[in-house]
Each structure stands twice: as C-alpha cells, then as structure tokens.
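Below is one structure, written out as structure tokens; the observations come after it.
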Amino acid sequence: MARCATCSAPLAANTQVCRYCGVRNDIDLHGKQGFRVVDAGGRRECPQCGIGLQTVALNREADLHIERCAQCFGLFFDPGELEVLLDGSVAQVADFNLPLLQNINRERYQPERPVKYLKCPVCQVLMNRMLYGYQSGVVVNRCRSHGVWLDNGQVSHLLEWKKAGGQLLDRKKTAERQARAGTETAKRAFSSDYAAAGSGRTASGESEVLEAIAAVVFKLFE
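Position 113 of the sequence shown, counted from 1, bears residue number 113 in full-length UniProt numbering, the numbering being contiguous throughout.
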C-alpha cells in the first residue's frame, strides 16, 4: 500500500491527498521510480497549474528525461518516452488477464475527475484526448508534435495495465483491425478489377455475384 510522503499514513486507493495531513502525494514517481531534478523550472508550462515544469532524470539504464509538475505531479513525455518507461519498468508477459484488466479499471475509475482539454506544454495548442490503449481505461492528452501529458496516477494505472497483459491485448486488437482493413481493401480491388475486365458483357445483377465470389475467395485466406 502506498504511504504519504509527509506523515507516512496509508493512502486510500486511487487518492493523491492524504486524509490525515492533507498533503498531495506523487503516486507515480515517489517510491516507484528513482529520479533526480535536473532543472527546477523549465520553459514548458504545466497545463493544469500554469507553472514551469521540472525536468527530471529517471534513474534507469536508458537516458530518460521527462517533465514533472511539482504542484499537481502530472508528467509530460516527449514522443516515445512513455513507451520506453513502460517497457523498462514491466517485464514482457505471455498472456493477458481480461478479468484483472476490468478490475483494475473499475478500481481506478475516478468519476469526479473533470473532463477538459489541456494545452500542450510546448506549443500551447489544445491537445487531443484519447484512450491510450485497448482496455487501459486511461485517457491521455496528446500533442501530435510534442508528446503526451498524463495526470498524477495515470502512469501507475498504465503499469498495472501492462502487467495484466494490457499492452499485449492492445497489440493483438490492433493487428486484427489492420488485417480486416487489408482484407476489405483487397476485396474492393478484386471486385473493381474483375468488373472492369468484363464491363462489356457484365449484366447489372452480375456485380452482386462477383462481390459474393470475392468474399468467398478472401474468406479462405483469413
């Protein structure tokens, strides 16, 4: 169980503020990821608090520097950095545990968290809200050019998600979607080419027959 960094009292699940001393806690890095502050107040601005973000170096084999708000403890990752953190913090799993994934999301769901669009700490353009991965339950704020913002607690959520096989499940679902999209594209190309080849003698009803034939042919290769 996580404990308050100030008074050592146990922190209730899915909370950042200690109910005993009232201090807000960093539940993503403190006690989980060794880090040191290399820049106490950079030019990048916290989209929640409006103050300069710290640059922190994680004590890892990889040279990983991320931005952290000293007030709300949100984290900003440049493109690819979050994936480096997840891959280096959690060992690869062989299978996914769907009931556990569902329990993690149910336990970590915070209905009181407001839904709002945040500005990128770098360019100040509103970021897109998006689900990080299939069954992750984590909605992140992403700037296409500069990176992704996670509120305090969301990195811990993603680490649990990956440990339960969430990343593996996400990759499986992505591969299935890509395969379906490729099959549909090939079906349309097959029907179009076949119809064009026989356009001089193909009756209107034959187009439906050709589509049916194409569907059967490609079904054999799925």
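Cβ coordinates follow ideal geometry from the N, Cα and C atoms, glycine included.
A quick note: this is a predicted structure, and the numbers were derived from the prediction, not measured.
Bounding residues of the alpha helix (DSSP H) (the contiguous stretch that carries residue i)
{"i": "Ile51", "result": "Looking at the DSSP string, Ile51 is not in any alpha helix (DSSP H), and its letter there is neither H nor E."}
{"i": "His157", "result": "Gln154 to Lys163"}
{"i": "Gly137", "result": "Note, Gly137: premise wrong, no alpha helix (DSSP H); not H, not E."}
Which of helix, strand or coil DSSP assigns to residue i
{"i": "Arg3", "result": "strand"}
{"i": "Ala189", "result": "helix"}
{"i": "Arg177", "result": "helix"}
{"i": "Arg142", "result": "strand"}
{"i": "Leu118", "result": "coil"}
{"i": "Arg201", "result": "Confidence at Arg201 is low in this model, with a pLDDT of 48, below 50, so the placement of that residue should be treated as unreliable; the coordinate-derived value is given next. Looking at Arg201 - three-state DSSP - the assignment turns out to be coil, as it is neither helix nor strand."}
{"i": "Gln167", "result": "helix"}
{"i": "Gly22", "result": "coil"}
First and last residue of the uninterrupted beta strand (DSSP E) at residue i
{"i": "Glu67", "result": "His65 to Arg68"}
{"i": "Asp39", "result": "Phe35 to Asp39"}
{"i": "Val148", "result": "Gly147 to Leu150"}
{"i": "residue 283", "result": "Here the chain has residues from 1 to 222 only, and residue 283 is not among them."}
Alpha carbon of residue i to alpha carbon of residue j, nearest angstrom
{"i": "Cys120", "j": "Leu86", "result": "22 Å"}
{"i": "Val125", "j": "Glu81", "result": "20 Å"}
{"i": "Arg171", "j": "Leu100", "result": "18 Å"}
{"i": "Cys123", "j": "Ala70", "result": "20 Å"}
{"i": "Gly133", "j": "Val148", "result": "13 Å"}
{"i": "Glu160", "j": "Val138", "result": "11 Å"}
{"i": "Leu98", "j": "Cys4", "result": "31 Å"}
{"i": "Asn141", "j": "Leu53", "result": "16 Å"}
{"i": "Glu45", "j": "Ile51", "result": "5 Å"}
{"i": "Leu169", "j": "Phe96", "result": "6 Å"}
{"i": "Tyr20", "j": "Arg106", "result": "25 Å"}
{"i": "Leu118", "j": "Arg43", "result": "17 Å"}
{"i": "Gln110", "j": "Cys7", "result": "24 Å"}
{"i": "Leu150", "j": "Thr183", "result": "36 Å"}
{"i": "Thr185", "j": "Gln178", "result": "11 Å"}
{"i": "Val90", "j": "Glu83", "result": "11 Å"}
{"i": "Arg201", "j": "Phe77", "result": "Low per-residue confidence applies at Arg201: pLDDT is 48, beneath 50, and the placement is therefore not dependable, though the value from the model is reported in the following sentence. When rounded, the distance between both Cα atoms is 60 Å."}
{"i": "Ala9", "j": "Gly22", "result": "11 Å"}
For residue i, the residue or residues it bridges with in DSSP
{"i": "Pro10", "result": "Arg3"}
{"i": "Val56", "result": "Val37 and Ile66"}
{"i": "Val45", "result": "Looking at the sequence itself, residue 45 is Glu, so the reference to Val does not match. In the DSSP output, where bridge partners are listed per residue, Glu45 has Gly52."}
What ranges does the beta strand (DSSP E) occupy inside the segment 69-116, keeping only unbroken runs of at least 3 residues that lie completely in it? 75-77
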